[in-house]
Structure formats: C-alpha cells, structure tokens
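S.K.: All residue numbers for the sequence shown refer to this note's numbering, where the first residue is 30 and numbers rise by one.
Ideal Cβ placement from N, Cα and C applies to all residues, glycine included.
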Amino acid sequence: MSEPSVIPNSEKPINPVPNQAKTLTIVIYALQAASFIVGLTFLVAVIINYIKRDDVRGTWLESHFRWQIRTFWFCLLWGLIGALLSAVVIGVFILLANAVWVIYRIAKGWINVADNKPMYSES
C-alpha cells in the first residue's frame with residue numbers, strides 16, 4: 030500500500046479576528062459608501078482606520094484597512110486633480126471615473142470582508 034499524499038497548506042497562518050474588528054471594518058465601508066450623500070463620513074472613516082489600525086495588525090483585516098486608507102487618499106488625489114481640470118472639461122470625466130472607482134473599491138472590499146477574505150492575496 031502506498032502512503033496517502035498530503036497536500037500542504039500554502040497559506041500563512043493568520044491571527045484570529047475578534048468579531049468586533051470585522052464589524053468595525055464593515056462600518057467603515059458603510060461610512061465610505063455614505064460619503065456619496067454626506068461627504069464628511071469619508072474623512073471620519075479614514076480617521077477611524079488610522080486610530081484602530083493597530084487592533085487589526087497581523088490579521089486578514091489589516092489588508093482591508095490598507096485598502097480603505099488607500100481608497101481615501103487616491104480618491105482625494107484624483108478628486109483634486111479632477112476639480113482643478115474641470116475648467117477644461119476633462120476634469121468632469123476624471124471626477125466621474127473617480128466616483129466609479131470608489132464605488133468599485135467599496136463593493137469589492139465589502140464583498141471580501143463578508144466572505145472573510147483578505148484584499149490582497151500572497152502569490
């Protein structure tokens with residue numbers, strides 16, 4: 030008889046995540062989504078990200094916090110560029126593309142956190 034083959038688990042072990050950290054991550058995605066109605070919530074979301082980042086360090090939720098923070102800063106960058114260029118019409122298209130990109134980032138992040146998946150996969 031041959032020995033059964035063992036398939037090694039290639040994924041790194043990750044620290045367990047407290048339920049409240051996952052809930053907070055979902056709340057931050059909700060704040061980002063609400064920013065399309067009340068813009069200030071985007072700023073509140075990124076402030077919470079920076080304050081609570083140490084609580085999720087070493088867990089799969091750390092990638093979500095990085096994703097959320099990067100979403101804020103790139104949205105701000107492209108929003109400023111779009112606003113400056115709106116006088117020459119191209120800025121309107123930049124602002125529209127920025128809004129679509131932010132919606133995509135919020136949706137993808139929210140889906141991944143609901144599925145307990147990190148945002149970035151290690152290859």
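(1) Quick one: residues in its chain with C-beta nearer than 7 angstroms to the C-beta of L53, no 5 flanking neighbours on either side, listed in chain order?
(2) Pull up the distance between the alpha-carbon of W96 and that of A136, whole angstroms please.
(3) Three-state secondary structure (DSSP) at V129?
(4) Taking the beta carbon of R86 as the centre, do at least 16 other beta carbons fall within 10 Å, making it buried, or is it exposed?
(5) Would you report the Cα separation of V118 and T88, rounded to the nearest angstrom?
(6) Report back the beta-carbon spacing between L58 and W130 to the nearest angstrom; my notes put them in contact at under 8 angstroms.
M.R.: According to the structure shown:
(1) K81
(2) 12 angstroms
(3) helix
(4) exposed
(5) 44 angstroms
(6) Reading off the sequence shown, one finds Tyr at residue 58, where the question assumed Leu. That pair is no contact at about 15 angstroms.
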